[in-house]
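0 is the number of the first residue of the sequence shown in numbering that gives the first Met the number 0; add one for each residue after it. Note that the Cβ used here is the ideal one computed from N, Cα and C, for glycine as well. Reviewing the structure listed below.
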Amino acid sequence: MNITSKEISQRSFEKNFRGYDKDEVTAFLGVLADQWDKLQGEKKDLERALETSQREAKKLKDVEESLFRTLKTAEDTGASIIEEASVAASEIMADAHHNADSMVNEAKRNSQNLIETAEAKAKQIMEELKENVKSLVESYEKLIKERELIIKNMKRLSEDLDDKITTSNESFKKVNVQVHAKIVDELSRAKAFTIANISTVQVDEAPMTKQVLPEEPKEIPHIPSEENVAETMEVETIETIQSATEQIETNGVGPKQESITDVEESKAEELEEMKEDEKSTEPKAKPDKGSSFFDQFD
């Protein structure tokens, strides 16, 4: 039951005979009402303070519970993190070992493949080098043989040329042109050539243009020089004149001075032309016959 100060001050009592003093009761009730109001005020203040304290306590309790939950969560989380970290570390270590083993094995396989490839390539290169060296050696030997054969043929050709030149010079020395000219002059004075018997003279002019070819060697065909051909033609021409003279003397026909002179002039002109051609085609410098030019290839 809540009693206010107003109710205390306005409280009325029944009147009895020989009761309490009304003024004293009223004064006491006033004091009591004042004290009541004071107590009510203090009560309200205390209630407010209590309510504030309760709110603060609740807040502190909430904070405490929050901290407890946080600590609990932190503890659980720490344990979970540690456990997860341990598991992750174990997995990472296992993967690292596995990857390391795989990488090592892969590196070994790659190195083995590289070594095998390098060895095969080196073997192939060595085989190619051997084939190339063998081919070069065979080519070199073939060139050496060809060189020796060429040198041999050139020496033979040089010797043939020297022999032909020597033979030609000896043959030319044996021919006495003055004797044949004297014979022709004597026949002309004897009037052995006449128009009647000049047609019977069998003068073979084919040797004037005939080229005497030497015997061909086995390896390289021998080509006679122009000097040998010219000298051979001169010898054959002189022999032809001699045979014609002997044939005319044998026939014993009458003389004709003009026909003899024409034949002599024609033959002399042909000899002069051949000598001029020989001089124009003669080389400027001839190799020494004693030592052949091709001896330097030895």
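- Taking a 10 Å sphere around the C-beta of V183, we find 16 or more other C-beta atoms and assign the residue as buried.
- Distance from the CA atom of W35 to the CA atom of T69, rounded to whole angstroms, is 49 Å.
- Collapsing the DSSP output to three states places D44 in a helix.
- Residue state for D20 is assigned as coil, using DSSP reduced to three classes.
- The alpha-carbon separation between E105 and H96 amounts to approximately 14 Å.
- Rounded to whole angstroms, the separation of the alpha carbons of A78 and A84 is 10 Å.
- In summary, L135 is exposed, with fewer than 16 beta-carbon neighbours lying within 10 Å of its beta-carbon over all protein chains present.
- By the neighbour-count definition (other C-beta atoms within 10 Å, threshold 16), A88 is an exposed residue.
- Taking a 10 Å sphere around the C-beta of K163, we find 16 or more other C-beta atoms and assign the residue as buried.
- G40 and E64 have their alpha carbons spaced roughly 35 Å apart.
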